[in-house]
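A quick write-up on the structure given underneath.
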Ligand code: N7H
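In the numbering used here, the protein residues as written are 160 to 650.
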């Protein structure tokens with residue numbers, strides 16, 4: 160019998176190595192470790208209408224109906240690997256290679272509504288305070304106030320509670336709509352109501368791969384031990400991704416080793432993750448105008464808006480970091496992430512206020528505060544439709560909201576007294592892209608560059624939270640147990 164190889168053999172030696180253990184997981188849902196890298200996405204926030212009358216029967220029926228459409232790590236990464244190998248081998252996207260993926264997550268209330276024993280959920284999650292509270296109750300601690308307050312949210316507030324979230328990802332609008340029709344039918348059949356839907360879209364050329372302020376996104380991600388291979392010469396880093404440190408898998412998936420010891424979790428949480436979804440509206444004309452005005456006040460005169468924008472992000476619009484690279488380019492893959500801030504303790508090249516430095520201070524901190532980002536823009540580009548809303552559907556996965564997502568937002572981005580470690584004088588203001596300090600604290604950021612350029616950026620934030628939630632993304636086994644009303648395995 161002849162078999163046709165699925166993958167192009169551009170690197171036979173690597174092809175023959177055994178796959179890392181998590182790479183073949185059919186338990187861990189897609190998008191946690193293996194990204195839903197698709198141009199068309201829908202976020203459906205759902206509520207179980209009949210849970211009080213039927214004791215969760217409808218919700219379980221719905222879960223059973225969608226179970227076999229849930230994408231898992233192995234299939235998503237197989238697809239992504241073939242896709243990128245073909246791109247590298249032939250220089251263009253492979254033809255006729257498409258896939259539509261669905262992921263499902265449950266909020267704390269959603270889990271309690273579906274589970275056979277809601278008291279068990281409550282007891283098992285006693286240590287997960289942020290998840291139990293939900294995003295709306297954590298809003299004021301994260302300074303989601305005024306325009307960003309839950310009262311104004313499209314989903315996730317007390318007015319707009321959510322039990323489940325579906326992420327649907329496809330290659331074309333038609334494929335996405337076809338899948339959405341099936342999902343809608345399942346919802347209707349089981350008394351599941353749509354609270355709100357967001358549509359994520361990759362921006363059109365020339366902004367493809369960039370977000371609405373114009374900056375290239377999706378460059379820096381943690382590598383994951385047991386999912387990505389280690390680089391042969393630098394085993395602390397991911398293969399073919401210079402600068403991408405390998406982080407313990409337990410930071411993103413329950414049941415695996417974490418960077419620092421954490422209390423054990425019940426068995427039913429294994430192979431699951433905590434998902435953060437934030438609909439972050441961006442005021443693009445407001446940002447552009449303010450950055451130009453603030454740059455004009457810098458000394459000496461002539462400091463450009465582009466340069467200030469790059470200082471606030473830490474990268475130029477094309478993704479080039481302000482930091483110098485650590486190693487010369489030696490192999491395949493992009494080197495635009497191969498840097499740290501070791502030679503720049505004062506922020507003379509990459510200001511401490513820069514978004515990428517604030518959200519990941521690299522060697523100034525340990526790896527216990529990393530997040531796996533899976534965002535996609537929503538809304539039309541600013542020049543095409545001035546009035547419509549636009550922004551970023553920010554999604555990330557982690558296993559401790561307190562130590563990871565909330566830590567980054569609150570202890571780092573929002574904090575004018577930010578202390579990354581000893582030997583630095585970094586308390587020079589907040590992350591002006593996403594940060595907001597406590598009321599009464601300083602809301603600005605000082606920038607003092609090596610060439611003597613200097614100024615203080617006092618503009619307001621042009622990113623508002625317009626919906627948010629925390630959800631649990633269970634393993635396939637746990638989804639099955641929930642759907643069939645079985646008892647969940649404890650510790
Ligand atoms: Fe951020 N932006 O377009 O300016 N982000 N981000 N982010 N972000 C990053 O390196 C952006 C947000 C992180 O490892 C880049 O991939 C925008 C939140 C982290 O070096 C750009 C919004 C949080 C990193 C942006 C937004 C983070 C990162 C550079 C909201 C967490 C990696 C591209 C509208 C609380 C840092 C890249 C590293 C990178 C933008 C939100 C975190 C361009 C517009 C809410 C950890």
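Cβ coordinates follow ideal geometry from the N, Cα and C atoms, glycine included. Quick caveat, the model's predicted, so the values are computed rather than measured.
task: Could you tell me the distance, in whole angstroms, from the CA atom of residue 433 to the CA atom of residue 596?
output: 25 Å
task: Pull up the distance between the alpha-carbon of residue 322 and that of residue 221, whole angstroms please.
output: Between residue 322 and residue 221, the C-alpha separation is close to 12 Å.
field: Closest Cα partner of residue 578 within the set 505, 557, 607, 624
entry: With distances taken between Cα atoms, residue 578 lies closest to 505.
- request: For residue 218, count neighbouring Cβ atoms within 10 angstroms of its own Cβ and tell me buried if that reaches 16, exposed if not.
  value: buried
query: Applying the criterion that 16 or more other CB atoms from any shown protein chain within 10 Å of the CB defines a buried residue, is residue 645 buried or exposed?
result: By the neighbour-count definition (other C-beta atoms within 10 Å, threshold 16), residue 645 is an exposed residue.
- prompt: Between the C-alpha atoms of residue 228 and residue 329, what's the straight-line distance to the nearest angstrom?
  reply: 13 Å
- request: Could you check if residue 516 is buried or exposed, using at least 16 other CB atoms within 10 Å of its CB as the buried criterion?
  value: buried
Cβ pair residue 372, residue 446 closer than 7 Å: yes
query: Among residues of its own chain, excluding the 5 on either side of residue 316, which ones have a beta-carbon nearer than 6 Å to its beta-carbon?
result: 295, 309
query: Would you call residue 251 buried or exposed, if buried means 16 or more other Cβ atoms sit within 10 Å of its Cβ?
result: exposed
message: Taking 6 Å as the cut-off, is the beta-carbon of residue 556 closer than that to any non-hydrogen atom of the ligand N7H?
response: no
query: At a cut-off of 6 Å, is residue 387 close to the ligand N7H when judged by its beta-carbon and the heavy atoms of the ligand?
result: no
query: Rounded to a whole number of angstroms, what is the C-alpha to C-alpha distance between residue 540 and residue 324?
result: CA-to-CA, the gap between residue 540 and residue 324 works out to about 26 Å.
- prompt: Cα-Cα, which of 475, 266, 467 is closest to residue 607?
  reply: 467
Whole-angstrom distance between residue 198 and residue 304, CA atom to CA atom: 32 Å
- request: State whether the stretch 342–353 contacts the stretch 443–457, with contact taken as three or more CB pairs (one from each stretch) at a distance under 8 Å.
  value: no
message: Only counting the same chain, and skipping five residues up and downstream in sequence, which positions put a Cβ closer than 6 Å to that of residue 212?
response: The answer is none, since no qualifying residue turns up.
message: I'd like to know if the stretch 568–577 and the stretch 517–527 are in contact, where contact means that at least 3 CB-CB pairs between them fall below 8 Å.
response: yes
Beta carbon proximity, residue 429 to chain D, threshold 7 Å: Going by chain labels, chain D is absent from the structure shown, which holds only one protein chain.
- request: Provide the residue span of the beta strand (DSSP E) that contains residue 536, from first to last.
  value: Looking at the DSSP string, the run of the beta strand (DSSP E) that includes residue 536 is 535–537.
Residues that DSSP places opposite residue 557 in a beta bridge: 433
query: residue 470 and residue 513 look like a contact to me (Cβ under 8 Å); what is the Cβ gap, rounded to whole Å?
result: Confirmed, Cβ separation roughly 6 Å.
message: With the cut-off set at 7 Å, would you say residue 534 and residue 560 are in Cβ contact?
response: The Cβ atoms of residue 534 and residue 560 lie no closer than 7 Å to each other.
task: Can you say whether residue 563 is buried or exposed, counting buried as having 16 or more other CB atoms within 10 angstroms of its CB?
output: buried
query: Assuming residue 414 and residue 429 make a contact with CB atoms under 8 Å, what is their CB distance in whole Å?
result: 3 Å
query: Is any heavy atom of the ligand N7H found at a distance shorter than 6 Å from the C-beta of residue 553?
result: yes
task: Decide yes or no for the touch test of the stretch 234–247 against the stretch 598–618: beta carbon pairs closer than 8 Å, at least 3 of them.
output: no
query: Can you find a heavy atom of the ligand N7H that lies under 6 Å from the Cβ of residue 414?
result: Outside the cutoff, so no.
field: Assigned exposure category for residue 364 - 16 Cβ within 10 Å defines buried
entry: exposed
query: Does the beta carbon of residue 441 fall short of 6 Å from some heavy atom of the ligand N7H?
result: yes
- request: Kindly examine the ligand N7H and report whether one of its heavy atoms sits closer than 6 Å to the Cβ of residue 374.
  value: Checking every heavy atom of the ligand N7H against the Cβ of residue 374, one is found closer than 6 Å.
field: Inter-residue Cα distance where the pair is residue 426 and residue 388
entry: 27 Å
query: Comparing alpha-carbon positions, which option in 278, 257, 384 lies nearest residue 181?
result: 384
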